[in-house]
Amino acid sequence: MSFLLSLSRLIDAVSLGFGKLIMWLILGATVISAANAAMRKTFNIGSNAFLEIQWYLFAGVFMLGVGYVLLKNDHVRIDFLSSRLSRRTNAIIDAIGIVVFTIPFAIIMIDLAWPYFMRAYHSGEMSQNAGGLIRWPVIALIPIGFSLLLLQAASELIKRIGFLTGHREQPFSVEHGKTNEEMLAQEMAAEREAEVARAFATSGRH
Numbered sequence: 279m280s281f282l283l284s285l286s287r288l289i290d291a292v293s294l295g296f297g298k299l300i301m302w303l304i305l306g307a308t309v310i311s312a313a314n315a316a317m318r319k320t321f322n323i324g325s326n327a328f329l330e331i332q333w334y335l336f337a338g339v340f341m342l343g344v345g346y347v348l349l350k351n352d353h354v355r356i357d358f359l360s361s362r363l364s365r366r367t368n369a370i371i372d373a374i375g376i377v378v379f380t381i382p383f384a385i386i387m388i389d390l391a392w393p394y395f396m397r398a399y400h401s402g403e404m405s406q407n408a409g410g411l412i413r414w415p416v417i418a419l420i421p422i423g424f425s426l427l428l429l430q431a432a433s434e435l436i437k438r439i440g441f442l443t444g445h446r447e448q449p450f451s452v453e454h455g456k457t458n459e460e461m462l463a464q465e466m467a468a469e470r471e472a473e474v475a476r477a478f479a480t481s482g483r484h
């Protein structure tokens with residue numbers, strides 16, 4: 279199990295690296311978008327290549343960030359239900375979901391996307407827009423993104439099994455133990471308690 283946990287940490291490091299990369303992709307897309315808009319408004323100059331590179335960068339953000347989102351435990355889940363279950367029950371549900379849904383889905387998407395990418399690569403497929411870009415780099419993001427998802431799903435499965443077998447204290451990365459929704463729910467609950475306390479204090483004075 280120690281080897282698998284070490285492998286999980288290595289995969290997590292890869293996902294974190296891609297998480298840092300997509301921050302730069304967002305910055306690049308923002309700068310290009312602003313420059314393109316300024317050129318259009320100021321000099322009436324535009325380029326389909328500039329438009330398409332924005333789309334490519336945004337595609338990179340979404341496809342290269344799927345593993346990072348899974349690592350951060352920020353993927354969509356029904357927190358209304360999961361917050362009422364024990365960590366062990368949640369870990370079992372997560373493990374089943376990863377094995378039954380996430381891993382097969384990622385494998386199927388890689389299997390479907392790889393031939394599509396190879397055809398585009400060998401044919402040198404270009405954008406149909408005048409002055410557009412070559413297509414295979416952005417198509418390559420599909421199998422790459424789902425490969426990253428597959429790797430991170432394997433890492434998360436190792437963590438859940440490690441937790442269930444007593445080899446880990448947490449079923450997820452310790453520093454990412456709570457989702458944004460859970461933290462928001464806690465803040466809202468704290469605010470409600472404060473309001474109730476104020477109401478009792480006010481009624482007591484009357």
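Using the numbering used here, the first residue of the sequence shown is number 279, and each one after it goes up by one. The beta-carbon is built from N, C-alpha and C at its ideal position, and this holds for glycine as well. Only a predicted model underlies this, so the values are computations on that prediction, with no experimental measurement involved.
To the nearest angstrom, how far is the alpha carbon of A313 from that of L305? Residue mapping note: residue 313 aligns to position 35 of the sequence shown, counting from 1. Residue mapping note: residue 305 aligns to position 27 of the sequence shown, counting from 1. So the alpha carbons of these two residues sit roughly 12 Å apart.
At the level of alpha carbons, what is the spacing between F450 and D372? Here residue 450 refers to the residue found at position 172 when the sequence shown is read from its first residue. Here residue 372 refers to the residue found at position 94 when the sequence shown is read from its first residue. Approximately 10 Å, taken between the alpha carbons.
My parser needs the alpha helix (DSSP H) runs of 4 or more residues fully inside the segment 369-405; what are they? 381-401
Excluding the 5 residues preceding and the 5 following A431 in the sequence, name in chain order all residues of the same chain whose CB lies nearer than 7 Å to its CB. As a working note, residue 431 is residue 153 in the sequence shown. Result list for A431: L348, I376, T380, I381, A384, in chain order.
Less than 8 Å between the CB atoms is what I'm expecting for G440 and L288, so what's the real figure, rounded? Counting from 1 along the sequence shown, the entry for residue 440 is found at position 162. Counting from 1 along the sequence shown, the entry for residue 288 is found at position 10. Contact doesn't hold; Cβ gap of about 14 Å is too wide.
Cβ neighbours of K319 in the same chain (closer than 7 Å, five flanking residues each side left out): In the sequence shown, residue 319 corresponds to position 41, counting from 1. Excluding sequence neighbours, K319 sits near nothing in its chain.
Check whether N326 and A408 have beta carbons under 8 Å apart: For the purposes of this step, residue 326 is taken as the residue at position 48 of the sequence shown. For the purposes of this step, residue 408 is taken as the residue at position 130 of the sequence shown. Going by C-beta atoms, N326 is nearer than 8 Å to A408.
Expected contact under 8 Å - CB spacing of G345 and S293 to nearest Å: Translated into the one-based positions of the sequence shown, residue 345 becomes position 67. Translated into the one-based positions of the sequence shown, residue 293 becomes position 15. Sure, about 4 Å apart at Cβ, within 8 Å.
For P421 versus Y334, is the C-beta distance shorter than 8 Å? Within the sequence shown, residue 421 is the residue found at index 143, counting from 1. Within the sequence shown, residue 334 is the residue found at index 56, counting from 1. Not closer than 8 Å, so no.
Determine the contact status of G402 and I412, defining contact as a CB-CB distance below 8 Å. Residue 402 sits at position 124 when you count from the first residue of the sequence shown. Residue 412 sits at position 134 when you count from the first residue of the sequence shown. Yes, the Cβ-Cβ distance between G402 and I412 is below 8 Å.
DSSP state of I323 mapped onto helix, strand, coil: Taking the sequence shown and counting its residues from 1, the one referred to as residue 323 is at position 45. Here I323 sits in coil by DSSP.
Less than 8 Å between the C-beta atoms of T443 and M279, yes or no? Position 165 of the sequence shown holds residue 443. Position 1 of the sequence shown holds residue 279. Yes.
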